[in-house]
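Colleague:
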Amino acid sequence: MDLSAINPVLLIASLMVAATPLLLAAIGELIVERAGVLNLGVEGMMIIGAIAGFAIAVESTSPILGLLAAMVAGAVLSLLFAFLTQIALANQVASGLALTLFGLGLSALMGQSYVGIKPPAMAKLDLPILSDIPVLGPILFGHDPVLYFGIALTAAVWWFLKKSRAGLILRAVGESHDAAHALGYNVIRVRILAIMFGGACAGLGGAYISLIRVPQWTEGMTAGIGWIALALVVFASWKPWRVLLGAYLFGGINVLQLNLQAAGIAIPVEYLAMSPYLITILVLVIMSADKSGAPASLGRTFHTSQ
Numbered sequence: 026m027d028l029s030a031i032n033p034v035l036l037i038a039s040l041m042v043a044a045t046p047l048l049l050a051a052i053g054e055l056i057v058e059r060a061g062v063l064n065l066g067v068e069g070m071m072i073i074g075a076i077a078g079f080a081i082a083v084e085s086t087s088p089i090l091g092l093l094a095a096m097v098a099g100a101v102l103s104l105l106f107a108f109l110t111q112i113a114l115a116n117q118v119a120s121g122l123a124l125t126l127f128g129l130g131l132s133a134l135m136g137q138s139y140v141g142i143k144p145p146a147m148a149k150l151d152l153p154i155l156s157d158i159p160v161l162g163p164i165l166f167g168h169d170p171v172l173y174f175g176i177a178l179t180a181a182v183w184w185f186l187k188k189s190r191a192g193l194i195l196r197a198v199g200e201s202h203d204a205a206h207a208l209g210y211n212v213i214r215v216r217i218l219a220i221m222f223g224g225a226c227a228g229l230g231g232a233y234i235s236l237i238r239v240p241q242w243t244e245g246m247t248a249g250i251g252w253i254a255l256a257l258v259v260f261a262s263w264k265p266w267r268v269l270l271g272a273y274l275f276g277g278i279n280v281l282q283l284n285l286q287a288a289g290i291a292i293p294v295e296y297l298a299m300s301p302y303l304i305t306i307l308v309l310v311i312m313s314a315d316k317s318g319a320p321a322s323l324g325r326t327f328h329t330s331q
């Protein structure tokens, strides 16, 4: 075992990359749940975004087009969930699980001809002076644009929920859809827009994995990140900045276990690989007593006749 082989600067920089797809998916799901909808289809939307973004990036040789296509694919798939739960009034839990299974199956079918292909590389934001700063430069100023977009999106979502009128309406729908409807707000429209935003974020998070973090296509490569994103929203008590901290915590644990494997630590690889998920479960158990941030109408179906 050689722990000296672990470079702390690279470790921190890597955890930021590992946290980004989780952050994007969780921020999107946070908006969905603040609108009172529980979408368990995050994993399905992420994997569809991963293959759609990968395919478009390969065919167009543009990773930017791939990322945009992933957002569109995630949003389009989320419309299926929106139709089932908001129009057909199907059960949200069952519809979300069906969406995940559908996404996993469809992505496997779509991705058969893309196995073993390398996508076009995403350029990093290399700021000449800032990136040369010892220690801080490689950690903070040598990443791809999507990583910084994820942090900016977290700030934007916080402002939206706390400072904007539209955010107030969204929160009102999530707290009491009956009261919001009585005040004249279109509950169904607000929830569909929130679901589409969550789908676009999940699709972008999936494409980040296939185009930037692990630039290749492998069936099922999201590997449960969508489920962790769902748990992270609860862990964060439905607050954006806590989502950011939680994503970085999970990303750090995930990267650390990979580095420990490379260093040859005398712990079975299977235990190290499952450690991020075990710690996530432990945190959820600890946080389960605090439901103060949960929207009161979360998971409840709204009937237009009300």
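Per my numbering, residue 26 is the first one in the sequence shown, and the count goes up by one each step. Heads up, the beta-carbon is just placed ideally off N, CA and C, and yes, glycines get one too. Note that the coordinates shown come from a computational prediction; the quantities given were computed from them, not determined experimentally.
Are L208 and R196 close, meaning C-beta to C-beta below 8 angstroms?
Modeller: Taking the first residue of the sequence shown as position 1, residue 208 is located at position 183. Taking the first residue of the sequence shown as position 1, residue 196 is located at position 171. Cβ atoms of L208 and R196: not closer than 8 angstroms.
Colleague: Alpha carbon to alpha carbon, how far is T326 from Q21? Give it in angstroms, no decimals.
Modeller: Since the first residue shown for the chain is 26 and the last is 331, residue 21 is missing from the structure and cannot be characterised.
Colleague: Nearest to I164 by CA position, among L49, A38, L229, is which residue?
Modeller: Residue numbering aside, residue 164 sits at position 139 when the sequence shown is read from its first letter. Closest option to I164, Cα to Cα, is A38.
Colleague: Within 10 Å of its beta-carbon, does V140 have 16 or more other beta-carbons around it, so buried, or fewer, so exposed?
Modeller: Taking the sequence shown and counting its residues from 1, one reaches residue 140 at position 115. So V140 ends up on the exposed side.
Colleague: I need the DSSP call for L323, collapsed to helix, strand or coil.
Modeller: Locating residue 323 in the sequence shown gives position 298, counting from the first residue. Three-state DSSP puts L323 in coil, outside helix and strand.
Colleague: Tell me whether the beta-carbon of L229 lies closer than 8 angstroms to the beta-carbon of A44.
Modeller: Position 204 of the sequence shown, counting from 1, holds the residue named residue 229. Position 19 of the sequence shown, counting from 1, holds the residue named residue 44. The answer is no: Cβ separation not under 8 angstroms.
Colleague: For the 8 angstroms Cβ check, are there 3 or more pairs between the segment 210 to 218 and the segment 230 to 237?
Modeller: At 8 angstroms Cβ cutoff, the stretches do not touch.
Colleague: Roughly how many angstroms lie between the CA atoms of A205 and V198, to the nearest whole one?
Modeller: Here the question's residue 205 lines up with position 180 in the sequence shown. Here the question's residue 198 lines up with position 173 in the sequence shown. Each residue's Cα considered, the two are about 5 angstroms apart.
Colleague: Is the separation between the beta-carbon of L152 and that of G69 shorter than 8 angstroms?
Modeller: For this step, residue 152 is matched to residue 127 along the sequence shown. For this step, residue 69 is matched to residue 44 along the sequence shown. No, these two residues do not count as a Cβ contact at 8 angstroms.
Colleague: Roughly how far, in whole angstroms, is the beta-carbon of V242 from the beta-carbon of F106, given that I think they are within contact range, below 8 angstroms?
Modeller: Against the sequence shown, residue 242 aligns to sequence position 217. Against the sequence shown, residue 106 aligns to sequence position 81. Residue 242 is actually Trp in this sequence, not Val. The pair is not a contact, with the Cβ atoms about 24 angstroms apart (cut-off 8 angstroms).
Colleague: Tell me the residue span of the alpha helix (DSSP H) that contains P170.
Modeller: Working through the sequence shown from its first residue, we reach residue 170 at position 145. Segment 170 to 188, the alpha helix (DSSP H) holding P170.
Colleague: Which word fits T64, buried or exposed, when buried means at least 16 other C-beta atoms lie within 10 angstroms of its C-beta?
Modeller: Your numbering for residue 64 matches position 39 in the sequence shown. Looking at the sequence provided, one finds Asn at residue 64 rather than Thr. So N64 ends up on the buried side.
Colleague: Since L131 and I73 should fall inside the 8 angstroms C-beta cutoff, what is the C-beta to C-beta distance between them, to a whole number of angstroms?
Modeller: Walking along the sequence shown from the start, residue 131 turns up at place 106. Walking along the sequence shown from the start, residue 73 turns up at place 48. With a Cβ gap of about 6 angstroms, L131 and I73 count as contacting.
Colleague: Ends of the alpha helix (DSSP H) at Q117?
Modeller: The residue you call residue 117 lines up with position 92 of the sequence shown. 117 to 135 is the span of the alpha helix (DSSP H), which, as asked, contains Q117.
Colleague: What three-state label does DSSP hand M70 in the structure shown?
Modeller: Start at 1 with the first residue of the sequence shown, and residue 70 comes out as number 45. Three-state result, M70: helix.
Colleague: Using beta-carbon positions only, say whether G251 and A50 come within less than 8 angstroms of one another.
Modeller: Working through the sequence shown from its first residue, we reach residue 251 at position 226. Working through the sequence shown from its first residue, we reach residue 50 at position 25. For G251 and A50, yes; Cβs fall inside 8 angstroms.
Colleague: Can you give me the C-alpha to C-alpha distance between W184 and I176, rounded to a whole angstrom?
Modeller: Within the sequence shown, numbered from 1, the residue matching residue 184 stands at position 159. Within the sequence shown, numbered from 1, the residue matching residue 176 stands at position 151. So the two alpha carbons sit approximately 13 angstroms from each other.
Colleague: Among A272, I278, I217, whose alpha-carbon lies nearest the alpha-carbon of L109?
Modeller: Here residue 109 refers to the residue found at position 84 when the sequence shown is read from its first residue. It is I217 whose Cα lies nearest to the Cα of L109.
Colleague: Going by Cα to Cα distance, which pick from A77, L172, G162, I154 is closest to S138?
Modeller: For this step, residue 138 is matched to residue 113 along the sequence shown. Closest by alpha carbon: A77.
Colleague: Mark R267 as exposed unless 16 or more other C-beta atoms lie within 10 angstroms of its C-beta, in which case mark it buried.
Modeller: Translated into the one-based positions of the sequence shown, residue 267 becomes position 242. When all chains shown are included, R267 counts as buried.
Colleague: Consider the Cβ of G249: report whether some Cβ of chain D lies at a distance smaller than 8 angstroms.
Modeller: Note that chain D does not occur in the displayed structure, where there is just one protein chain.
Colleague: On the criterion of 16 or more Cβ atoms from any shown chain inside 10 Å, does I81 qualify as buried, or is it exposed?
Modeller: Counting from one through the sequence shown, the residue named residue 81 turns up at place 56. Counting Cβ neighbours within 10 Å, I81 comes out buried, since at least 16 surround it.
Colleague: According to the Cβ coordinates, are L269 and T179 closer than 8 angstroms?
Modeller: In the sequence shown, counting from the first residue as 1, residue 269 sits at position 244. In the sequence shown, counting from the first residue as 1, residue 179 sits at position 154. It is a contact, given that the beta carbons lie within the stated cut-off.
Colleague: Within 10 angstroms of the Cβ of A272, are there 16 or more other Cβ atoms? Answer buried if so, exposed if not.
Modeller: Sequence index remark: in the sequence shown, residue 272 carries index 247 (1-based). Flag for A272 reads buried.
Colleague: For F222, which residues of its own chain have a beta-carbon under 7 angstroms away from its beta-carbon, when the five flanking residues on both sides are left out?
Modeller: Stepping through the sequence shown from its first residue, residue 222 is reached at position 197. Correct list, in chain order: G53, I56.
Colleague: Could you give the DSSP three-state label for Q331: helix, strand or coil?
Modeller: Position 306 of the sequence shown, counted from the start, is the residue given in the question as residue 331. Legend: pLDDT at Q331 = 49, less than 50; position of this residue unreliable, value from coordinates given subsequently. Note: Q331 maps to coil in three-state DSSP.
Colleague: Whose C-beta lies closer than 6 angstroms to the C-beta of D169 among residues of the same chain, with five residues either side of it excluded?
Modeller: Taking the first residue of the sequence shown as position 1, residue 169 is located at position 144. Excluding sequence neighbours, D169 sits near M147, K149, I237.
Colleague: Near S120, what residues of its chain come up, given a Cβ to Cβ distance below 7 angstroms and the 5 sequence neighbours on each side ignored?
Modeller: Stepping through the sequence shown from its first residue, residue 120 is reached at position 95. Closer than 7 angstroms at Cβ, skipping near neighbours: F106, L109, T110.
Colleague: Only counting the same chain, and skipping five residues up and downstream in sequence, which positions put a Cβ closer than 6 angstroms to that of I304?
Modeller: As a first step, residue 304 is located in the sequence shown; it is residue number 279 there, counting from the start. Cβ within range, chain order: I278.
Colleague: Which residues in the same chain have their Cβ closer than 8 angstroms to the Cβ of I194, if we skip the five residues on either side of it in sequence?
Modeller: For the purposes of this step, residue 194 is taken as the residue at position 169 of the sequence shown. Around I194: A205, Y210, V215.
Colleague: Would you mind giving the Cβ-Cβ distance between P88 and P144, rounded to the nearest angstrom? I have them listed as a contact below 8 angstroms.
Modeller: Taking the first residue of the sequence shown as 1, we reach residue 88 at position 63. Taking the first residue of the sequence shown as 1, we reach residue 144 at position 119. That pair is a contact at about 7 angstroms.
Colleague: R59: buried (16+ other C-beta within 10 angstroms of its C-beta) or exposed?
Modeller: The residue labelled residue 59 in the question sits at position 34 within the sequence shown. So R59 ends up on the buried side.
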